[in-house]
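Colleague: Protein chains in written order, with our numbering: chain R, 1 to 391; chain S, 392 to 571.
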């Protein structure tokens, strides 16, 4: 029987990772992720997990250690935030371009400067072109469940890519709530041990890995990587469906839609702010205003077709970003959605909303105001709406 | 949904107390969430946190702006922090204080007041000024939203029998006043 416990987001990440029976864990503590590492170390000390835990002196070393282990066929786990991710960037990029599957929890934190330790998604958003799959989750149950799903996606032979499970710092990492912890036996059935069939480091069979590669070959690697990313879209949806059959919980795969069927306008959210968005939709619906919501669950690969499909009947939309695109004077997710529409020669009136940076809150009132702005836009369509800051 | 804002100082055990409340609600099959908000983590600086209780899943992962209840771990905060900001009408206040009700300037929205000298009880029971477990007992008494027996059991398991005794003493010693 699954157990019900009250867990913080970081505890949910640690428990989720433990259920996946990693062989090697290496992580360096950083706010707001620290208690992920503390919890795993405690579980290791208590004998609750038999993973080898390697103490490292930095995030760069953490990723390097798990990279070597993954090359030797191990299932590995790490976790970080913001400046830690920045320090990790060099082996982080190599992890995906070596096509090594793993799961890394990312407790989202604003990037400095100005100096901050609080939440935001600028850290993970800024590495969206580093070749990793990126999930963004809404609550603690989803953190735990998607770490389990994440390994299944990452290790799929059509994918073979590392996965980030991104959850908002403090608003989830430090939030405590009811979480259902699945049975170890059931997780073992859902997620058998990793079977690495390609390059496996073995002292008995010495080999060189990753030699200097000329451009024409490197281009082939990149093309394969992009194709694997596209293949991951269907794998993510299929793994979610299978997870539902095993554990009774489904999340919708790459996107989730909420009260969207007859909606005239849509709010598009990412991460923990989705809950306030759904509450705002319910408020609007109670007043007869046809507002729906799209939760983007996977940013990389971007679910281009499903986003277009979801928006096909709305007259306007607004995207609520917890990060910025420095090059566009908008939120980052907003540009992704525009690209998905534009690629099919389609445009809709839309607004980019930016909020929740550096630990700031995205409140129900913000969401209600955003819904009103998008409803007004649908009545007076234009394609040059200025970015609105939720402050 | 019931919303609670807790105000305290670093080192008073506010976060641990809130975790016990969430665990007690979850054990009863109910839903609860708590988000702590620190400034910079250090002893004595004002800290606060946001608690929600409901019979159904709680989707809002935001701060609490219009609390049904305030829990104030230290009455010196009343003069230092905007403790009462945004409280709902008919709000409940639980205050750790050695002052009398007549010595407090409370806003008109406050309807129910629980007063307890949790600092004294903690010093007696634990020998340390950590009022959180005493205030947990008082919270059960003032709100009736969670069960004292579950809370005491959780406190005993996590913090030992002295704290469970402090919890019971907090329940018993709380003065409950209906101010309107």
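Yeah, the Cβ is synthetic: ideal placement off N, Cα and C, and Gly gets one too.
What you are looking at is a predicted structure, and each value in this text was computed from that prediction instead of being measured.
At the level of alpha carbons, what is the spacing between residue 15/R and residue 144/R?
Modeller: Their backbone Cα atoms lie some 7 Å apart in a straight line.
Colleague: Check each residue of the stretch 403-422 of chain S: if its Cβ is closer than 7 Å to any Cβ of chain R, include it; give the result in chain order.
Modeller: Going along the stretch 403-422 of chain S in chain order, one finds 410, 413, 414, 417, 422 with a Cβ nearer than 7 Å to chain R.
Colleague: Going residue by residue through the stretch 172-239 of chain R, where are the continuous beta strand (DSSP E) segments of at least 3 residues, counting only ones entirely within it?
Modeller: You should have 176-181.
Colleague: Cβ of residue 544/S less than 9 Å from any chain R Cβ?
Modeller: Chain R, which has no Cβ nearer than 9 Å to the Cβ of residue 544/S, makes this no.
Colleague: For my contact list, residue 323/R and residue 120/R are in at a C-beta cut-off of 8 Å; report their separation, rounded to the angstrom.
Modeller: Correct: roughly 7 Å between the Cβ atoms.
Colleague: Provide the residue span of the beta strand (DSSP E) that contains residue 5/R, from first to last.
Modeller: Per DSSP, residue 5/R belongs to the beta strand (DSSP E) from 3-8.
Colleague: By DSSP, does residue 471/S sit in helix, in strand, or in coil?
Modeller: Here residue 471/S sits in coil by DSSP.
Colleague: Unbroken alpha helix (DSSP H) runs of length 4 or more, entirely within the stretch 284-316 of chain R: which are they?
Modeller: Qualifying alpha helix (DSSP H) stretches, in chain order: 304-310.
Colleague: For the putative contact between residue 451/S and residue 276/R, defined by C-beta atoms under 8 Å, what is the C-beta separation to the nearest angstrom?
Modeller: About 6 Å; that satisfies the 8 Å criterion.
Colleague: Would you list, in chain order, the members of the stretch 431-447 of chain S that have their beta-carbon closer than 7 Å to a beta-carbon of chain R?
Modeller: Per Cβ criterion, the list is empty.
Colleague: Nearest to residue 505/S by alpha carbon, out of 542/S, 475/S, 460/S, 511/S?
Modeller: Comparing Cα positions, the closest option is 460/S.
Colleague: Using a Cβ-Cβ cut-off of 8 Å (strictly less than) and excluding sequence neighbours within five positions of residue 28/R, which residues of its own chain qualify?
Modeller: Contacts found: 37, 56, 57, 58, 59, 61, 62, 80, 84.
Colleague: Check whether the Cβ of residue 123/R lies closer than 9 Å to any Cβ atom in chain S.
Modeller: It does not: the Cβ of residue 123/R has no partner Cβ on chain S nearer than 9 Å.
Colleague: Residue 42/R by DSSP, collapsed to three states: which one?
Modeller: Here residue 42/R sits in helix by DSSP.
Colleague: How would you write the range of the beta strand (DSSP E) that residue 134/R sits in, first residue to last?
Modeller: That run of the beta strand (DSSP E) goes 133-136.
Colleague: So what does DSSP say about residue 400/S, is it helix, strand or coil?
Modeller: Of the three classes helix, strand and coil, the one that applies to residue 400/S here is strand, per DSSP.
Colleague: Can you give me the start and stop residues for the alpha helix (DSSP H) that residue 151/R sits inside?
Modeller: It spans 140-154 - the alpha helix (DSSP H) in which residue 151/R sits, taken as one unbroken run.
Colleague: Assuming residue 405/S and residue 464/S form a contact by the criterion Cβ under 8 Å, report the distance between their Cβ atoms to the nearest whole angstrom.
Modeller: Rounded, the Cβ-Cβ distance is 6 Å, consistent with contact.
Colleague: Is there a Cβ of chain R sitting closer than 9 Å to that of residue 450/S, yes or no?
Modeller: Closer than 9 Å to some Cβ of chain R, the Cβ of residue 450/S qualifies, so yes.
Colleague: How far does the beta strand (DSSP E) with residue 487/S in it reach, from first residue to last?
Modeller: Unbroken beta strand (DSSP E) run through residue 487/S: 482-487.
Colleague: Taking the alpha carbon of residue 365/R as the reference point, which residue from 283/R, 379/R, 254/R, 350/R has its own alpha carbon closest?
Modeller: Among 283/R, 379/R, 254/R, 350/R, the Cα nearest to that of residue 365/R is on 283/R.
Colleague: Between 359/R, 249/R, 200/R, 311/R, which lies nearest to residue 100/R when the distance is taken from Cα to Cα?
Modeller: Nearest option by C-alpha distance: 200/R.
Colleague: State yes or no: is the beta carbon of residue 168/R nearer than 9 Å to at least one beta carbon in chain S?
Modeller: Yes, residue 168/R lies at the interface with chain S (some Cβ there is under 9 Å from its Cβ).
Colleague: Should residue 414/S go down as buried or exposed, given a rule of 16 or more other Cβ atoms within 10 Å for buried?
Modeller: By the 10 Å Cβ count, residue 414/S comes out buried.
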